[in-house]
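Asker: Supplied in structure tokens, the structure appears directly below.
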Amino acid sequence: MAAVSLTGSVMKFAIALFSAAHAPSSRRALLFAQAALAGGHEIVRLFFYQDGVYNAGASIVTPQDEQDLPREWRTFVSDHQLDGVVCIAAALRRGVLNDEEAQRYQRSAASVEAPWALSGLGQLHDAIQDADRLICFGGA
Amino acid sequence: MPKSLLLISRQAPWSGPSAREALDIVLAGGAFDLPIGLLFLDDGVLQLLAAQDARAVQQKDLSANLQALPLFGVEQLFVCADSAAERGVAPDTLALDDVNVLDAAQIAALIDRYDQVITL
Numbered sequence: 195m196a197a198v199s200l201t202g203s204v205m206k207f208a209i210a211l212f213s214a215a216h217a218p219s220s221r222r223a224l225l226f227a228q229a230a231l232a233g234g235h236e237i238v239r240l241f242f243y244q245d246g247v248y249n250a251g252a253s254i255v256t257p258q259d260e261q262d263l264p265r266e267w268r269t270f271v272s273d274h275q276l277d278g279v280v281c282i283a284a285a286l287r288r289g290v291l292n293d294e295e296a297q298r299y300q301r302s303a304a305s306v307e308a309p310w311a312l313s314g315l316g317q318l319h320d321a322i323q324d325a326d327r328l329i330c331f332g333g334a
Numbered sequence: 758m759p760k761s762l763l764l765i766s767r768q769a770p771w772s773g774p775s776a777r778e779a780l781d782i783v784l785a786g787g788a789f790d791l792p793i794g795l796l797f798l799d800d801g802v803l804q805l806l807a808a809q810d811a812r813a814v815q816q817k818d819l820s821a822n823l824q825a826l827p828l829f830g831v832e833q834l835f836v837c838a839d840s841a842a843e844r845g846v847a848p849d850t851l852a853l854d855d856v857n858v859l860d861a862a863q864i865a866a867l868i869d870r871y872d873q874v875i876t877l
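Same order as they appear, the protein sequences are chains A and B.
Taken in order, the first sequence gives residues 195 to 334; the numbers are from this note's numbering.
Taken in order, the second sequence gives residues 758 to 877; the numbers are from this note's numbering.
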């Protein structure tokens, strides 16, 4: 396969993240996403699946002298008005709930909020179809 | 033409939700009529062992999900010959029918054929 230049033309990326907030691959995913936008490329959607859903968690408390990755993701997605989707089935299984789901399942606390949206796996497939490249982080 | 997706499933069936969640991506893609392939690699081949007793480990049976693959239009099913041999899984006793057994060179060619790849 020929090498693809990322400087020549604008690429549409879909980014899937599968690892938890403390994993190096989650940090790399954010760095990649930032670099993609800085290079003039487009991110059609971020999709957080498996333990990746923890990156959207608003209830993660990071020690002051450590990197707060969930907050950095939140700021990044808000600042650039990106489409950040958290898989609802993976999130429910891991206790990452928004207000609506917390009420639906009668749980006492919600732990994910805007700019993140909880939705289904169709959003991943939709993004894959829309993007030139799917870039995955934190898979096996 | 919709883009094709190859899902490479590498986790054992009872090592956590990973194998089930990988399968869910495939089934969702099938439900949307997307061209999707599934390759069982490394410990993922253990998902294909016949006569597993999920209840013995307090789990829900994964084989029902596997059997649903053709119903969802997912017929491009592959298993790595080396991974199966290393784990003593005989290719003629797999829990799924019509799985293509591929050697390393064929797997390389397979990955090349698909537009997008997810490894879980």
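Don't be surprised by glycine CBs; every beta carbon is placed ideally from N, CA and C.
Because the structure is a prediction, the values reported are computed rather than measured.
1) Under 8 Å: do the stretch 247-265 of chain A and the stretch 225-233 of chain A share three or more Cβ pairs, one atom per stretch?
2) Quick one, which residues of the stretch 762-791 of chain B are near chain A if we go by CB-CB under 7 Å, in chain order?
3) For L819(B), which residues from the same chain have a beta carbon less than 8 Å from its beta carbon, with the 5 sequence-adjacent residues on both sides left out?
4) Just list the residues that DSSP pairs N822(B) with in beta bridges.
5) State the Cα-Cα distance for the pair A223(A) and S313(A), rounded to the nearest angstrom.
6) Name the DSSP beta bridge partners of V836(B), please?
7) Check for me: the alpha helix (DSSP H) holding L374(A) runs from which residue to which?
8) Taking T876(B) as the query, report the chain A residues whose CB atoms sit under 8 Å from its CB, ordered along the chain.
9) For Q873(B), return the contacting residues in chain A, with the cut-off set at a CB-CB distance below 7 Å.
10) Would S829(B) pass as a contact of A788(B) if the rule is Cβ separation under 8 Å?
11) In the DSSP assignment, find the beta strand (DSSP E) that holds F829(B) and state where it starts and stops.
12) Keeping to the same chain, check which residues put their C-beta closer than 6 Å to that of Q833(B); ignore five residues upstream and five downstream.
13) Quick one, are the C-beta atoms of G234(A) and V280(A) less than 8 Å apart?
14) Please state whether DSSP places L780(B) in a helix, a strand or coil.
15) Interface residues of chain A around K760(B) at Cβ under 8 Å?
16) Only counting the same chain, and skipping five residues up and downstream in sequence, which positions put a Cβ closer than 8 Å to that of S772(B)?
17) Helix, strand or coil for T876(B)? Go by DSSP, reduced to three states.
18) Quick one: using the 10 Å Cβ neighbour count with 16 as the cut-off for buried, is D320(A) buried or exposed?
19) Which two residues bound the contiguous beta strand (DSSP E) that contains L328(A)?
20) So the candidates are P774(B), L796(B), A785(B) and I875(B); which of them puts its Cα closest to the Cα of A861(B)?
21) Express the C-alpha separation of V247(A) and S253(A) in angstroms, rounding to a whole number.
22) Is the beta carbon of L328(A) closer than 8 Å to that of A250(A)?
Answerer: This is what the structure holds:
1) no
2) L762, R767, Q768, P774, S775, E778, D781, I782, A785, G786, F789 and L791
3) As a first step, residue 819(B) is located in the second sequence; it is residue number 62 there, counting from the start. Around L819(B): P770, A776, R777, L780, Q804, Q809 and A811.
4) On the second sequence, position 65 is the one that residue 822(B) refers to. None, per the DSSP bridge assignment.
5) In the first sequence, counting from the first residue as 1, residue 223(A) sits at position 29. In the first sequence, counting from the first residue as 1, residue 313(A) sits at position 119. Looking at the two C-alpha atoms, the distance is approximately 20 Å.
6) The residue given as residue 836(B) occupies position 79 in the second sequence. Paired residues: F797(B) and V858(B).
7) Because chain A is modelled from 195 through 334, residue 374(A) falls outside the range shown and cannot be assessed.
8) On the second sequence, position 119 is the one that residue 876(B) refers to. C330, G333 and A334, listed in chain order.
9) Stepping through the second sequence from its first residue, residue 873(B) is reached at position 116. The answer, in chain order, is I322 and L328.
10) For this step, residue 829(B) is matched to residue 72 along the second sequence. For this step, residue 788(B) is matched to residue 31 along the second sequence. Note that residue 829(B) is Phe in the sequence shown here, rather than Ser. Yes, Cβ-Cβ distance for F829(B) and A788(B) is below 8 Å.
11) The residue given as residue 829(B) occupies position 72 in the second sequence. First-last for F829(B): undefined, no H or E at that position.
12) In the second sequence, the residue the question calls residue 833(B) occupies position 76. Answer for Q833(B): G794, listed in chain order.
13) One-based indexing of the first sequence puts residue 234(A) at position 40. One-based indexing of the first sequence puts residue 280(A) at position 86. Cβ atoms of G234(A) and V280(A): not closer than 8 Å.
14) By 1-based counting over the second sequence, the position of residue 780(B) is 23. In the structure shown, L780(B) sits in a helix (DSSP, three-state: H, G or I).
15) By 1-based counting over the second sequence, the position of residue 760(B) is 3. Chain A residues near K760(B): I322 and Q323.
16) The sequence position of residue 772(B) within the second sequence is 15, counting from 1. So the list reads D800, once near-sequence residues are dropped.
17) Translated into positions along the second sequence, residue 876(B) becomes position 119. Strand.
18) What you label residue 320(A) is simply residue 126 of the first sequence in a count that begins at 1. That one is buried.
19) One-based indexing of the first sequence puts residue 328(A) at position 134. Per DSSP, L328(A) belongs to the beta strand (DSSP E) from R327 to F331.
20) The count along the second sequence starts at 1 and reaches residue 861(B) at position 104. Of the candidates P774(B), L796(B), A785(B) and I875(B), the one whose C-alpha sits nearest the C-alpha of A861(B) is L796(B).
21) Your numbering for residue 253(A) matches position 59 in the first sequence. Your numbering for residue 247(A) matches position 53 in the first sequence. Their Cα atoms are separated by approximately 12 Å.
22) Here residue 250(A) refers to the residue found at position 56 of the first sequence. Here residue 328(A) refers to the residue found at position 134 of the first sequence. No, the pair does not count as a contact, with Cβ atoms beyond the cut-off.
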